[in-house]
Amino acid sequence: MTGSLRLPDLDRRGFLRLTGAVGATAALAACGGPTVSAPGSGPAAVEKVDFSGVKPAATITFWSNNPGSSGAVTQQIIDAYQAANPGTKVNLVTAGANYEEIAQKFQTAQTGGQLPDLVVLSDVWWFRYYMQRSIIPLDSAISAAGIDLPDYREGLVKDYQYAGAQWAVPWARSTPLFYYNKAHWAAAGLPDKAPATWQEFADWAPKLKAAGLGTQNAFQLPALADYAGWTFQNNLWGEGGGWSKDFTVTCDSPESVAALEFIKKSAAPGGWAGVSAKDQANDLAAGAVSATVSSTGSLAGVLKTVAGKFEVGVGFLPAGSKVDKPVCPTGGAGLGIPKNIPKENQLAAANFIKFLTSPENCVLFSAATGYLPIRTSANINELVTKTPQAKVAIDQLAVTRPQDNARVFFPGADGEMAKAAAKMLNEQADVAATMATLKTSLTNIYEQQVKPNL
14 MTGSLRLPDL DRRGFLRLTG AVGATAALAA CGGPTVSAPG SGPAAVEKVD
64 FSGVKPAATI TFWSNNPGSS GAVTQQIIDA YQAANPGTKV NLVTAGANYE
114 EIAQKFQTAQ TGGQLPDLVV LSDVWWFRYY MQRSIIPLDS AISAAGIDLP
164 DYREGLVKDY QYAGAQWAVP WARSTPLFYY NKAHWAAAGL PDKAPATWQE
214 FADWAPKLKA AGLGTQNAFQ LPALADYAGW TFQNNLWGEG GGWSKDFTVT
264 CDSPESVAAL EFIKKSAAPG GWAGVSAKDQ ANDLAAGAVS ATVSSTGSLA
314 GVLKTVAGKF EVGVGFLPAG SKVDKPVCPT GGAGLGIPKN IPKENQLAAA
364 NFIKFLTSPE NCVLFSAATG YLPIRTSANI NELVTKTPQA KVAIDQLAVT
414 RPQDNARVFF PGADGEMAKA AAKMLNEQAD VAATMATLKT SLTNIYEQQV
464 KPNL
């Protein structure tokens with residue numbers, strides 16, 4: 014879901030703070046690029062873009078980090094688009110290895126570089142570009158291109174709505190899934206299903222450890238720099254906690270601390286969980302662990318890797334002791350259009366979005382990557398027949414909830430959450446004290462970078 018940034022690189026996320034909505038104001042204004050409101054002035058009114066009489070540009074550039082190893086299938090769709098629209102060209106540019114790198118490149122382009130016409134924006138990046146006014150509200154472009162927005166899955170569409178406007182269109186969207194090795198489950202005498210709660214899995218883990226499977230751990234916690242802020246929402250919500258409630262930071266609440274204490278205990282010496290150093294889905298595929306939580310975007314890769322070795326089971330994310338549903342967040346990336354490019358290019362980008370995210374192409378994309386089909390009219394019969402695990406991911410969409418504001422609306426917060434998780438899990442730091450420190454950091458981000466620009 015979130016690229017391949019690892020813990021040693023966490024200070025790269027300091028970029029988020031250095032180029033956050035407030036910090037970037039002076040530099041961007043000096044270069045004639047997008048600006049954000051001065052502190053206390055509030056956001057500018059959402060501007061409508063008038064596309065009447067505009068002829069779409071013949072050539073556009075699409076910046077992607079190719080999430081879920083999607084470069085090949087994306088190019089396949091581009092080739093089909095160009096064949097159906099002679100004289101139209103889409104240049105696919107790999108603008109980074111992960112969401113952070115593509116965002117850095119897009120940020121740099123605001124100050125005088127060459128902007129793309131279409132750009133991939135992850136769940137933790139699009140809102141800062143709303144605050145900076147560097148992307149357009151898409152409502153007018155959606156109308157001009159004839160995009161059937163009501164046919165997109167409602168929860169995914171709403172993730173990009175703010176101030177009465179649509180700021181991105183869903184594309185490479187995902188949820189976390191519970192993955193498990195069915196052979197290990199059978200050897201341990203466990204029922205062939207995901208655990209209903211984390212407490213149930215804690216009861217199952219000793220059976221997995223005692224089964225002589227030769228694994229490192231019964232369960233592998235996700236690579237923290239990529240996943241802690243995202244997937245730990247599941248654990249927090251299941252105990253009645255969260256990173257935040259609306260814009261109020263709640264990571265230090267008794268419920269949140271209790272949820273994280275449970276995770277810390279699981280990863281302590283003698284516990285049943287380890288922390289992935291690189292990629293927990295690969296750890297599972299290698300047979301090194303019996304279960305993990307990873308993105309639906311990892312599904313196709315995992316199934317390909319384990320083919321002929323063992324069968325992978327997937328299930329909904331486990332609930333907690335206090336809340337049974339919904340405890341699953343959505344995630345992934347959408348497609349945005351820059352503000353400071355010609356209208357001709359903006360309209361051409363919208364036309365390509367329509368094709369790229371068509372019902373047929375969203376199924377093609379899902380089959381190649383494991384990301385969710387984003388259109389309600391998409392015919393998923395062949396997809397789920399070939400890959401039954403995909404249906405579990407699609408069904409889980411009905412019991413998802415929006416992510417906590419602190420993760421997706423606070424610039425740099427995801428990195429702060431990851432560093433806090435590393436202290437608790439890798440250094441066994443006190444949870445309550447770590448969360449108190451995190452609360453201070455997140456509250457400062459909100460007060461300085463978000464609140465003045467809402």
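Positions 14 to 467 (the working numbering) are the ones given, in order, by the sequence shown.
Ideal placement from N, C-alpha and C gives every residue a C-beta, glycine not left out.
Quick caveat, the model's predicted, so the values are computed rather than measured.
- Ranked by Cα distance from Ala419, the options Ala411, Asn457, Thr398 are led by Asn457.
- For the segment 270–328, the continuous beta strand (DSSP E) assignments of 3+ residues that do not extend past its boundaries occur at 286–288, 302–308, 325–328, in sequence order.
- In the three-state DSSP reduction, Lys367 falls in the helix class (H, G or I).
- Beta bridge pairing from DSSP links Val103 with Ile73.
- Shown here, Val59 sits in coil according to DSSP, grouped into three states, outside any helix or strand.
- Between Gln229 and Val315, the C-beta spacing is not below 7 Å.
- Distances from the alpha-carbon of Pro208 to those of Gly428, Ala223, Leu330, Lys367 put Leu330 closest.
- Contact check between the segment 382–389 and the segment 182–199: three or more CB pairs, one atom from each, fall below 8 Å, which counts as touching.
- When the beta-carbon positions are compared, Val103 and Ile91 come within less than 7 Å of each other.
- If you draw a straight line from the Cα of Met437 to the Cα of Ala154, it comes to about 46 Å.
- In this structure, the CA atom of Pro465 is about 19 Å from the CA atom of Lys258.
- Of all alpha-carbon atoms in Val133, Ala304, Thr453, the one lying nearest the alpha-carbon of Val262 is that of Thr453.
- A distance of 7 Å or more separates the beta carbons of Gly253 and Lys338.
- Counting other Cβ atoms within 10 Å of its Cβ, Ala320 stays below 16 and is therefore classed as exposed.
- For Ser156, the secondary structure class from DSSP, reduced to helix, strand or coil, is helix.
- With respect to Val132, Gly349 sits close: the two C-beta atoms are nearer than 7 Å.
- By the neighbour-count definition (other C-beta atoms within 10 Å, threshold 16), Glu429 is a buried residue.
- A distance of 7 Å or more separates the beta carbons of Leu249 and Ala286.
- Listed as beta-bridge partners of Arg186 by DSSP are Gly345.
- Just so you know, the alpha carbons of Ala241 and Pro163 end up roughly 32 Å apart.
- The beta-bridge partner set that DSSP reports for Arg414 consists of Pro342.
- In the DSSP assignment, Val405 falls within the unbroken alpha helix (DSSP H) covering 401–409.
- Under the 8 Å Cβ criterion, the segment 164–172 does not count as touching the segment 73–87, having fewer than three qualifying pairs.
- Inclusion of Val182 and Ile366 in the CB contact set at 7 Å is warranted, their separation being smaller than that value.
- Leu226 carries a coil assignment under DSSP once its states are collapsed to helix, strand and coil.
- Counting of Cβ neighbours within 10 angstroms places Asn358 among the buried residues, the total reaching 16 or more.
- One Cα belongs to Lys68, the other to Tyr94, and the distance between them is close to 18 Å.
- Pro150 places its beta carbon less than 7 Å from that of Val59.
- By DSSP's assignment, Arg166 forms no beta bridge with any residue.
- From the listed residues Glu113, Pro129, Leu451, the smallest Cα separation to Thr72 is found for Pro129.
- Leaving aside the five residues that flank Leu221 on each side, the residues in its chain whose CB is nearer than 7 Å to its CB run, in chain order, His197, Ala201, Ala231, Ser303.
- Distance from the CA of Asp443 to the CA of Asn98, rounded to the nearest whole angstrom, comes to 59 Å.
- With a contact defined as Cβ atoms closer than 8 Å, Ala280 and Val288 qualify at about 6 Å.
- Tyr193 and Gly326 do touch by the CB rule: their CB atoms are close to 5 Å apart, below 8 Å.
- Arg141 has its alpha-carbon roughly 12 Å from the corresponding atom of Tyr459.
- Nearest to Asp296 by alpha-carbon distance, out of Leu203, Gln120, Ser65, Gln233, is Gln233.
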